[in-house]
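Per the working numbering, residue 1103 is the first one in the sequence shown, and the count goes up by one each step. By construction, the Cβ of each residue, glycine as well, lies at the ideal position given by its N, Cα and C atoms.
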Amino acid sequence: MITPEIKVVPTPTAIAEEAAERFVEAYRIGVDERGTFSVALSGGSTPKALHALLAAEPYRSRIDWTKVRVFFGDERCVPPDHADSNFRMARETLLSKVPIPLDNVYRMVGEIDPAEAGTRYDQELIDLFGHAGLGLDLCLLGLGDDGHTASLFPHTSSLQETTKLAVAHYVEKSTTGKSWRITLTAPFINRSRQAMFLVAGAGKTKALATVLEGERNPKQFPAQLVLPTEGKLTWLIDVAAAGMDAV
Ligand code: 6PG
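Okay, structure coming up:
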């Protein structure tokens, strides 16, 4: 069993700063060792501050964006300009602000038939990473107050997946209500060289404590499924999420 690195920092801003440093470090290793860096972005609101840092100096120029391949941890099945679209959030906060070639951005196609979009993303990942072995350099993740991560929601079919790299499924209770989602599967997330959770705010304290210290119950707390087979697991959390007054 791997031991996660858990780093508690004072504020959401400090999470973004720590994550930006680690993003660049993972980028350097990827580019040095393989000439490329593949990262999955997460949705939700926590990553916005990280995106803003990466899109501005000094980070923007520390990265050769032509060597970066951007993937998504999950997507809501809406058009790419929809308010709920994770791609839209990533485009507005990061991708439109850095010189990344369009071909390097692998978005989940939220506007077509969800099952087709899931199959398409699965196939794209298979073509790039194969069925086994290490996958993404860095998989960024968030934690929902119900214990979900990516679009792996409690008691959904996506949690049973053992072979596919990405799937689409209908979620009764998601952060955007009843909705179709496309998500990376736990087996693919676990092929990452590093999985890194960013968790901020007092609303996450209970879920965080249960995921990290509670009994193993991944059907109820799907974030417990994230245990990279060969890679690192990192949790960057702020004092509010940790339920601490100060560090
Ligand atoms: C999504 C997400 C989801 C998110 C968590 C945390 O598309 O909804 O990818 O898994 O990361 O719900 O979201 P916050 O950062 O907004 O708390």
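For residue 1342, which residues in the same chain have their Cβ closer than 6 Å to its Cβ, ignoring the five residues on either side in sequence?
Numbered from 1 along the sequence shown, position 240 holds the residue referred to as residue 1342. Answer for residue 1342: 1303 and 1304, listed in chain order.
CB of residue 1304 to nearest heavy atom of the ligand 6PG: below 7 Å?
As a first step, residue 1304 is located in the sequence shown; it is residue number 202 there, counting from the start. No, since every heavy atom of the ligand 6PG falls outside the 7 Å radius drawn around the Cβ of residue 1304.
Beta-ladder partner(s) of residue 1177, from DSSP
Within the sequence shown, the letter at position 75 stands for residue 1177. 1284.
Helix, strand or coil at residue 1125 [DSSP, three-state]:
Here the question's residue 1125 lines up with position 23 in the sequence shown. Of the three classes helix, strand and coil, the one that applies to residue 1125 here is helix, per DSSP.
Within a Cβ cutoff of 6 Å, which residues of the same chain sit near residue 1259, ignoring the five residues on either side of it in sequence?
Position 157 of the sequence shown, counting from 1, holds the residue named residue 1259. Closer than 6 Å at the Cβ level, and outside the excluded window around residue 1259, lie 1271.
Can you check whether the CB of residue 1199 is closer than 8 Å to the CB of residue 1257?
Sequence index remark: in the sequence shown, residue 1257 carries index 155 (1-based). Sequence index remark: in the sequence shown, residue 1199 carries index 97 (1-based). Going by C-beta atoms, residue 1257 is not nearer than 8 Å to residue 1199.
For residue 1280, I'd like the list of residues in its chain whose CB is within less than 8 Å of its CB, leaving aside the five on either flank, ordered along the chain.
Numbered from its first residue, the sequence shown carries residue 1280 at position 178. Correct list, in chain order: 1272, 1273 and 1274.
Enumerated in chain order, which unbroken segments of the alpha helix (DSSP H) with a length of 4 residues or greater are wholly contained in the region 1227-1304?
1288-1291
Would you kindly check if the distance between the Cβ of residue 1169 and the Cβ of residue 1137 is under 8 Å?
Along the sequence shown, read from residue 1 onward, the residue named residue 1137 stands at position 35. Along the sequence shown, read from residue 1 onward, the residue named residue 1169 stands at position 67. Cβ distance < 8 Å, so residue 1137 and residue 1169 count as in contact.
Cα-Cα separation, residue 1214 to residue 1323
Start at 1 with the first residue of the sequence shown, and residue 1214 comes out as number 112. Start at 1 with the first residue of the sequence shown, and residue 1323 comes out as number 221. Looking at the two C-alpha atoms, the distance is approximately 29 Å.
Host alpha helix (DSSP H) of residue 1140 (start-end):
Translated into positions along the sequence shown, residue 1140 becomes position 38. Where residue 1140 is concerned, there is no enclosing alpha helix (DSSP H), although the beta strand (DSSP E) it sits in stretches over 1139-1143.
What residues are listed by DSSP as bridge partners for residue 1336?
Your numbering for residue 1336 matches position 234 in the sequence shown. BP columns for residue 1336 point to 1107 and 1298.
Using 8 Å as the threshold, is the region 1234-1248 in touch with the region 1281-1301, meaning 3 or more CB pairs across them?
yes
Cβ of residue 1134 versus every heavy atom of the ligand 6PG: is any distance shorter than 7 Å?
Walking along the sequence shown from the start, residue 1134 turns up at place 32. For the ligand 6PG, not one heavy atom lies less than 7 Å from the Cβ of residue 1134.
Close Cβ partners of residue 1153 (< 6 Å) along its chain, the five nearest in sequence each way excluded:
Position 51 of the sequence shown, counted from the start, is the residue given in the question as residue 1153. If we look at residue 1153 and ignore the five residues flanking it on each side, its Cβ neighbours are 1195 and 1196.
Could you check which residue in 1251, 1222 and 1335 has the C-alpha nearest to that of residue 1148?
Translated into the one-based positions of the sequence shown, residue 1148 becomes position 46. Closest option to residue 1148, Cα to Cα, is 1251.
Do residue 1249 and residue 1301 count as a contact pair if the criterion is CB distance below 8 Å?
One-based indexing of the sequence shown puts residue 1301 at position 199. One-based indexing of the sequence shown puts residue 1249 at position 147. Not a contact, by the Cβ cut-off of 8 Å.
Measuring straight from C-alpha to C-alpha, what distance separates residue 1230 and residue 1130?
Locating residue 1230 in the sequence shown gives position 128, counting from the first residue. Locating residue 1130 in the sequence shown gives position 28, counting from the first residue. Each residue's Cα considered, the two are about 20 Å apart.
What is the DSSP secondary structure of residue 1162, counted as helix, strand or coil?
In the sequence shown, residue 1162 corresponds to position 60, counting from 1. Note: residue 1162 maps to helix in three-state DSSP.
Residue 1141 to residue 1255 span [Cα, whole Å]:
The sequence position of residue 1141 within the sequence shown is 39, counting from 1. The sequence position of residue 1255 within the sequence shown is 153, counting from 1. Spanning the two alpha carbons is a distance of roughly 22 Å.
Tell me the DSSP secondary structure of residue 1172 in three-state form.
For the purposes of this step, residue 1172 is taken as residue 70 along the sequence shown, with counting starting at 1. If DSSP states are grouped into helix, strand and coil, residue 1172 belongs with the strands.
Near the ligand 6PG: residue 1258 beta-carbon under 7 Å from a heavy atom:
Position 156 of the sequence shown, counted from the start, is the residue given in the question as residue 1258. For the ligand 6PG, not one heavy atom lies less than 7 Å from the Cβ of residue 1258.
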